[in-house]
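Working notes, beginning with the structure itself.
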Amino acid sequence: MKRFFVFAVAALLLPLLFSCSGGEKMSMIRTEVPERPAGQEDMIGFAAPPLDTVRIGFIGLGMRGPGAVERMCQIDGTKIVALCDFEQDRAEAAAGILERFGRPEAALYYGSEDAWKRLCERDDIDLVYIATDWKSHAKMAIYAMEHGKHAAIEVPAAMSLDEIWSLINVSERTRRHCMQLENCVYDFFELTTLNMAQHGLFGEILHGEGAYIHNLDEFWDEYWHDWRLLYNRDHRGDVYPTHGLGPVCQAMDIHRGDKMNVLVSMDTRAVNGKEYYEKHRGEAAPDFRNGDHTMTMIRTEKGKTIMIQHDVVNPRPYNRLYQLTGTKGFANKYPVEGYMVDFSKAGDLAPDSDSAAGEGKVDIENLSAHSFVPEEVKDALMAKYRHPIQKELEQTAKKVGGHGGMDYIMDYRLIYCLRNGLPLDMDVYDLAEWCCLTELTAISIENGNAPVEVPDFTRGGWNKVQGYRHAFAGSSQTE
Ligand SMILES: NC(=O)c1ccc[n+]([C@@H]2O[C@H](COP(=O)([O-])OP(=O)(O)OC[C@H]3O[C@@H](n4cnc5c(N)ncnc54)[C@H](O)[C@@H]3O)[C@@H](O)[C@H]2O)c1
């Protein structure tokens with residue numbers, strides 16, 4: 353939070369001012385955008401030379417890491433070269449996974465804070481896969497890239513603007529990929545809905561919503577040295593925004609023709625989080641900072657809006673929302689998957705036109721029932737617009753698993769793109785945009801919910817590409 357400043361001189365402020373309802377103006381907080389160092393180019397559309405086999409080193413083998421090792425064992429063209437965790441037994445347990453899958457033994461690193469550096473320094477690794485606690489992500493990825501490796505980092509990949517700009521600069525300078533392992537963009541409903549959006553079924557998408565609403569009571573005890581609880585104790589704002597924001601940003605073409613311009617964030621006071629902390633740690637936490645519920649509104653350059661929420665402590669069913677509101681349709685994932693679209697677009701999928709649903713009419717006697725297309729139309733739409741990636745991978749993904757299969761698809765796509773020398777599905781600017789909420793929301797909240805500018809992490813390149821696309825071998829386009 354060192355590098356933000358409020359423009360106070362009215363003359364400078366005119367373009368930066370927001371009208372309040374009473375006509376007063378509220379100034380926007382801006383953070384510094386460091387100049388791109390001379391000779392350095394952006395990573396938009398960047399593809400590295402293809403790799404026949406992707407040689408991987410893993411750092412972090414707690415709750416999340418071993419599942420990734422298992423998945424990579426089931427993907428062709430991978431070699432697991434090294435495994436690292438601070439704890440010896442965790443590294444050894446992961447070695448057991450390789451044995452189980454008949455993979456060659458890997459080198460093990462453990463027992464010191466810096467053992468992971470030896471892994472990054474090896475000359476037989478292409479990709480460093482990082483699944484440690486949040487505070488160690490950026491420094492590990494930077495070190496890996498400085499040593500010639502691509503970096504894949506669990507969510508959130510970075511927790512501050514300083515970390516984000518460092519990741520961008522190192523990735524741009526070293527020409528190494530730096531991808532955030534955001535799995536939720538690969539969930540089946542999200543992939544299908546993205547495909548429907550790209551085929552224009554929702555018209556122009558004007559508004560998106562996403563969330564991480566997940567009561568973590570059964571997990572808090574399991575995090576290594578309580579890192580997550582301690583992080584929440586010390587930080588306000590949305591500290592885990594990427595599951596909600598990622599799929600919405602892809603559907604809204606962020607830095608592929610639009611960009612997030614400004615956000616405003618608000619939180620509730622800390623009640624359950626603080627109480628849990630005090631019970632669990634046996635110590636008072638009068639300054640527990642993370643509000644129980646945090647919500648953030650974002651407005652884009654093209655006049656669209658996004659709402660993101662975070663709540664990991666209240667008794668609520670799991671919910672990532674994933675809602676898209678377009679000029680011609682609507683999609684909603686939680687708590688019930690449903691679509692509302694123009695039936696004429698559905699062609700032969702449309703139900704009999706003499707039914708109210710077929711005519712797309714609203715039954716005003718039953719307003720709660722008119723919203724979604726009938727179940728059979730939804731099923732037919734989802735079959736028709738099943739994403740090509742899903743078509744190819746769904747069966748294997750369900751078998752291998754990892755949050756129902758989306759984790760497998762994420763790892764598969766990472767390896768597929770590296771092996772085929774393609775741009776990755778998520779670049780370092782996606783990482784930056786989805787992670788920047790961690791610090792920007794705290795800035796907004798700590799300054800009376802002030803509007804905060806979202807920096808252009810592409811430094812001018814956000815409009816170079818029109819429309820988000822996955823890359824496929826042998827094709828310059830996606831489906
Ligand atoms: N995408 C998802 O769905 C998803 C799900 C769960 C967790 N995650 C993310 O995965 C990451 C890890 O979470 P987790 O639940 O596995 O946490 P965890 O506490 O279970 O595991 C963290 C591991 O990192 C190791 N570690 C810490 N510092 C280290 C160091 N200096 N060197 C080597 N190892 C070190 C610890 O020993 C521990 O085994 C987090 O970023 C989390 O947000 C993502």
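Heads up, the sequence shown is in this note's numbering, so the first residue is 353 and it goes up one at a time. The beta carbon of each residue, even a glycine, is placed where N, CA and C say it ideally should be. In this text the structure is predicted, and so the values were computed from the model without any measurement.
In this structure, Leu615 and Thr793 form a Cβ contact; the two beta carbons are roughly 7 Å apart against a cut-off of 8 Å. As summarised for the stretch 593–681, the continuous beta strand (DSSP E) elements at least 3 residues long and confined to that stretch are 612–619, 646–652, 657–663, 675–678, given in chain order.
Closer than 7 Å to some heavy atom of ligand 1: that does not describe the Cβ of Thr544. Bounds of the alpha helix (DSSP H) holding Thr748 are 740–752. The alpha-carbon separation between Ala490 and Leu471 amounts to approximately 16 Å. Between Met531 and Leu766, the CB-CB gap stays under 8 Å. Val480 sits in a strand when the DSSP states are folded into three classes.
With 16 or more other Cβ atoms from the protein chains shown falling within 10 Å of its own Cβ, Tyr691 counts as buried. Under the three-state reduction of DSSP, Asn772 is assigned to coil, being neither helix nor strand. DSSP, read as helix, strand or coil, puts Ser827 in strand.
No Cβ-Cβ contact shorter than 8 Å links Val688 with Asn567.
Per DSSP, the unbroken beta strand (DSSP E) holding Lys431 starts and ends at 430–436. With distances taken between CA atoms, Gln426 lies nearest to Gly754 out of Glu791, His822, Gly812, Gly754.
In the DSSP assignment, His559 falls within the unbroken beta strand (DSSP E) covering 557–565. DSSP places Val693 in no alpha helix (DSSP H) but in the uninterrupted beta strand (DSSP E) bounded by 690–693. By the Cβ-count criterion, Gln747 is exposed, with fewer than 16 other Cβ atoms from all chains shown falling within 10 Å of its own Cβ. A distance below 8 Å separates the beta carbons of Met762 and Leu533. For Met531, the uninterrupted beta strand (DSSP E) run begins and ends at 530–532, by DSSP.
For the stretch 486–554, the continuous alpha helix (DSSP H) assignments of 4+ residues that do not extend past its boundaries occur at 486–498, 513–526, 540–550, in sequence order. For Trp572, the CB stays at least 7 Å from every heavy atom of ligand 1.
Ala399 and Gly773 do touch by the CB rule: their CB atoms are close to 5 Å apart, below 8 Å. Three or more Cβ pairs closer than 8 Å define a contact, and the stretch 541–560 falls short of that threshold against the stretch 407–419.
Distances from the CB of Val406 to the heavy atoms of ligand 1 are all 7 Å or more. Separation of the CB atoms of Trp576 and Asp485 is rounded to 6 Å, and the pair is thereby assigned contact status at 8 Å. A straight line joining the alpha-carbon of Val406 with that of Glu785 spans about 27 Å. With respect to the 8 Å criterion, Leu460 and Glu444 are classified as neighbours on the basis of their beta carbons. Per DSSP, reduced to three states, the secondary structure at Tyr461 is strand. In this structure, Cys788 sits near Leu513, with a CB-CB distance shorter than 8 Å. Remark: C-beta atoms of Thr526 and Met492 do not approach each other more closely than 8 Å.
Here Tyr820 has Gln602, Asp605, Arg608 as same chain residues with Cβ atoms under 7 Å from its own Cβ, once five neighbours each way along the sequence are excluded.
A direct Cα-Cα distance of roughly 45 Å separates Tyr764 from Ala636.
Between the stretch 551–561 and the stretch 808–819 there are fewer than three C-beta pairs closer than 8 Å, too few to call the two in contact.
Lys654 counts as exposed, since fewer than 16 other beta carbons sit within 10 angstroms of its beta carbon. Relative to ligand 1, the beta carbon of Phe398 is positioned no closer than 7 Å to any heavy atom. The Cβ atoms of Glu515 and Ala483 do not sit closer than 8 Å to each other.
When the Cα atoms are used, Leu770 and Gln742 turn out to be separated by approximately 19 Å.
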